[in-house]
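Below: one structure, written as structure tokens.
Protein chains in written order, with UniProt numbering: chain W, 1 to 555; chain F, 1 to 555.
See the structure below:
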């Protein structure tokens, strides 16, 4: 395990905070916004210790609250308890606790995004951000720092509309030092259950990272046990895609834990192929049991290196075979494999929900992929996460283009009429909005609004949990801006970014409900205008979101 | 390809030979003995240019003749033709041709054997020996060298007894320069067909070397095609054992081409094992089709490193697992594998002829092997090539001890009465007799006589064709004295050593025939006395062998 923080910047962050020192009493506590990051040693400007934190919610909605604790004293034991409005339990214990600071870095020096290699960490400024939600209710307070508390309420789907009141009590050395009231007004509207959400969420899962961090053998019972709460969390957010890999290193091992082929491919001594789907089946069935689905995205016919690894019976060894996309061997390899795969999928009853998935690759490669897929079974569904290509559009059941890219007029409507999925994605390329660990949390809540404004079906991000070496402490990686590779933490710990993403999805869902009323649809349209590509601005975001929320939560 | 000869010793060998210079005429030719090596630049003492080479043979016997060619002139085209006694063809074309010189080294400096590493070739004297029989009938003669011709006759099993005469014509630049007469007296006795020989010959085959030298994929049609003549040659010599490997590197990869597991072992993601016998079956069936059998020797429950390689489905990778012989995991691994193997062997009808084979290993390991084999199936046949161990003896269907080791009184007879096989072996340890490429060829013909003298069933050598890097040119290796690792050459070229080994086997077979007559048995017993362990001597060998042969070929 790497040591927590390894360089002198830390000393700088922990230097004495005059403002904190000036605060009265042993420990201050105040509600704070969940939209923004706070500095670990930056004295907060509380917006009302005694004030009530007021929520309005639909039935079935998830709500987030943040409390800041700070003190000029030396450290001590701090804790909190949530007095709930009524007997039934609304607090999500797994997503309520203290926020933990993790190391992050920054955008590229030109401010234009976070792509590229970062082998030398000193080339980027690093800082600490309170992103990880550790589900504990007490800890040793570190003197002269800001310690945030994160509370997640899940309003039940069967909650009776009305006003609910509760408090959060803060204790210092086992004595209550603050009581912070809150209220939740539940209105007579209901958000759909995750499985019935309209939002198409696709965050790619990395089971290999989980095995490493949990220290358990791949695909063992212990591995699935370790993944279950994490993947159930994802399902609850509305995840629609199971990320499956059908080649060794589809993305050339760009993540700390590379993705391995879930199809066992054996070249027999007589030259024929034997496929075994044990791993694939176990993974898919497990994910389905977690509530993720219905789609199974299979990466990739065109892995970045075009190298295909298989077990070679004759030599009792692994073979890496490089195949040019215009070679007969490429077609032979894939048509054979995809035909057998189609048979297997049909046997399992999964063929209709399985999508052979591609990333943006050179045109020649993408056409080769289409060619072999169609040769193997013309009915295969195909997806692309990449730029819009007019001549590929019709072939793609699921098309996902970058945030900066634009669908031509009419394309989305035509695709929707044909029952196809049309979404957008962010990755390292977008400076704003994004979900780097240094991004302002409010940015994560925009994706639902942006999808709504563009009339799209949802959002894709390539990394739900491709963890780095020490993901709990340091979100930085050898490539890309910090946090690019994961939105949740090991041991099923959520992040501020992931929770804010959910807020955006909920807004999207509310919009879908209200849009059925043409009058409301027009109003919603107007309220979404500030989130259009050419209008969206960091400065006014919170105000505009408040406006949308006020409308969505009005009777 | 390495260059043919890489150091200055060659210059020494090729230095001017005064005696050769003194020879008359353009090219001299004379019969020579097959028992001894000749120097490449050493002027021969011909024992009669015009003399007739006289053979006496049983029907079905293989006969060898050697002719030396030498000249003081510059090089030229030389060739030979064999005029056969009658219309039907007795010459074995695949084993008749020019002898080729190959590089060899010598015994260890203490003269006690050829074991140990030889990383520095300059630590040993090197020389050229005419060992490889290339089946060609003409070549460019290299001036002032001795160029031997090798002729192999196979007297048909249905030959009519009588005296047959023929000649060998030597041509120099397409003109006959010598005609050497020979005669073969066929007596009214018949050697058994190879499959009916009593001699238990076990030379371990290395299919992996053949694939490399032929440049063909393992277990492909081309691979089997390349092996067929080589393995049919072995079958014709009376080979009884198919060398199969059931672990990765049973001998820790000590040969240039290591031995790979012929059982495909797959650890499935659910922790269960899947075995596939495609390679094993193809190899065994191929060897059977070549006439090798009936036994299938499977190496080894106790590979030298105790590391077991398998394909791990969960990680899509090869795993090397080290297992201590006293661990429950060792038993679990082997009992499971050997049980499944027994079922497969029974299905194929091979169980009764399959032998789980061991080399000499620490007592604890050998006992562990017996334990797991017996647990898996008490009826498995087991073999050991190693020292005599009284407490293992009863367990072993096939027991093979080193040349220098001795069976206690009565053991061989008891074993034979129980239908068991009892043999001896040579390896790097024996200075004499042996089949290093610098050993005198006559030594190879002793093994049949030694087996007969000791009352054993046959002989084992651990390497029929474990070829070195450039086996056609250089028989030296990184370990052991040169030639230790192979008796035949690529492209189905035989060696003087291998052919002389066959002569010894034929003597053994003749002895078995004659021994049925008690009077002859006594006489044979007397004639074999000089080949007893404490009496055998290099100096008188040829004389003693002549005596034995004279008796075996008498009416």
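Using N, Cα and C, we set each Cβ at its ideal position, and we do this for glycine too.
Nearest to residue i (by Cα), restricted to the options the options
| i | options | result |
| --- | --- | --- |
| residue 217 of chain F | F:204, F:426, F:198 and F:279 | F:279 |
| residue 172 of chain W | W:187, W:181, W:184 and W:139 | W:139 |
| residue 550 of chain W | W:511, W:517, W:242 and W:286 | W:511 |
| residue 540 of chain F | F:30, F:35, F:28 and F:31 | F:35 |
| residue 497 of chain F | F:268, F:277, F:95 and F:60 | F:95 |
| residue 261 of chain F | F:69, F:273, F:208 and F:239 | F:208 |
| residue 419 of chain F | F:30, F:200, F:492 and F:234 | F:200 |
| residue 431 of chain W | W:332, W:537, W:408 and W:371 | W:537 |
| residue 126 of chain W | W:397, W:427, W:474 and W:522 | W:474 |
| residue 196 of chain F | F:239, F:370 and F:438 | F:239 |
| residue 361 of chain F | F:383, F:345, F:346 and F:309 | F:383 |
Contact under 8 angstroms by Cβ, residue i with residue j
| i | j | result |
| --- | --- | --- |
| residue 454 of chain W | residue 424 of chain W | yes |
| residue 204 of chain F | residue 282 of chain F | no |
| residue 436 of chain F | residue 484 of chain F | yes |
| residue 528 of chain F | residue 552 of chain F | no |
| residue 494 of chain W | residue 256 of chain W | no |
| residue 133 of chain F | residue 150 of chain F | yes |
| residue 445 of chain W | residue 500 of chain W | yes |
| residue 121 of chain W | residue 476 of chain W | yes |
| residue 156 of chain W | residue 59 of chain W | yes |
| residue 146 of chain F | residue 68 of chain F | yes |
| residue 190 of chain F | residue 62 of chain F | no |
| residue 259 of chain W | residue 245 of chain W | yes |
| residue 303 of chain W | residue 364 of chain W | no |
With 16 other Cβ atoms within 10 Å as the buried cut-off, status of residue i
| i | result |
| --- | --- |
| residue 378 of chain W | exposed |
| residue 136 of chain F | exposed |
| residue 533 of chain W | exposed |
| residue 387 of chain W | exposed |
| residue 404 of chain W | exposed |
| residue 478 of chain W | exposed |
| residue 546 of chain F | exposed |
| residue 166 of chain F | buried |
| residue 265 of chain F | buried |
| residue 22 of chain F | Note that residue 22 of chain F scores 38 on pLDDT, short of 50, meaning its location in the model is unreliable and no value can be drawn from it. |
| residue 223 of chain W | buried |
| residue 116 of chain F | exposed |
Span separating the alpha-carbon of residue i from that of residue j
| i | j | result |
| --- | --- | --- |
| residue 19 of chain W | residue 72 of chain W | Below a pLDDT of 50, predicted positions are generally treated as unreliable, and residue 19 of chain W, at 39, falls in that range; the measurement from the model is reported next regardless. Computed Cα separation, rounded: 9 angstroms. |
| residue 326 of chain F | residue 402 of chain F | 28 angstroms |
| residue 442 of chain W | residue 52 of chain W | 22 angstroms |
| residue 270 of chain W | residue 98 of chain F | 38 angstroms |
| residue 56 of chain W | residue 162 of chain W | 10 angstroms |
| residue 45 of chain F | residue 399 of chain F | 44 angstroms |
| residue 221 of chain F | residue 228 of chain F | 10 angstroms |
| residue 114 of chain W | residue 481 of chain W | 4 angstroms |
| residue 40 of chain W | residue 330 of chain W | 54 angstroms |
| residue 333 of chain F | residue 305 of chain F | 15 angstroms |
| residue 317 of chain W | residue 542 of chain F | 50 angstroms |
| residue 366 of chain W | residue 381 of chain W | 14 angstroms |
| residue 307 of chain W | residue 42 of chain F | 58 angstroms |
| residue 268 of chain F | residue 426 of chain F | 42 angstroms |
| residue 519 of chain W | residue 555 of chain W | 14 angstroms |
| residue 236 of chain W | residue 210 of chain W | 19 angstroms |
| residue 274 of chain W | residue 76 of chain F | 58 angstroms |
| residue 188 of chain F | residue 160 of chain F | 8 angstroms |
| residue 310 of chain F | residue 522 of chain F | 56 angstroms |
| residue 488 of chain W | residue 206 of chain W | 11 angstroms |
For the pair the region 497-510 of chain F and the region 439-458 of chain F, tell me if three or more CB-CB distances fall below 8 angstroms. yes
Can you confirm whether the region 292-301 of chain F touches the region 346-355 of chain F when touching is taken to mean that 3 or more C-beta pairs between the two stretches lie within less than 8 angstroms? yes
Inter-stretch contact at 8 angstroms, needing at least 3 Cβ pairs: the region 105-125 of chain F / the region 174-186 of chain F: no
For the structure I just gave you, are there three or more beta carbon pairs, one from the region 329-342 of chain W and one from the region 368-377 of chain W, closer than 8 angstroms? yes
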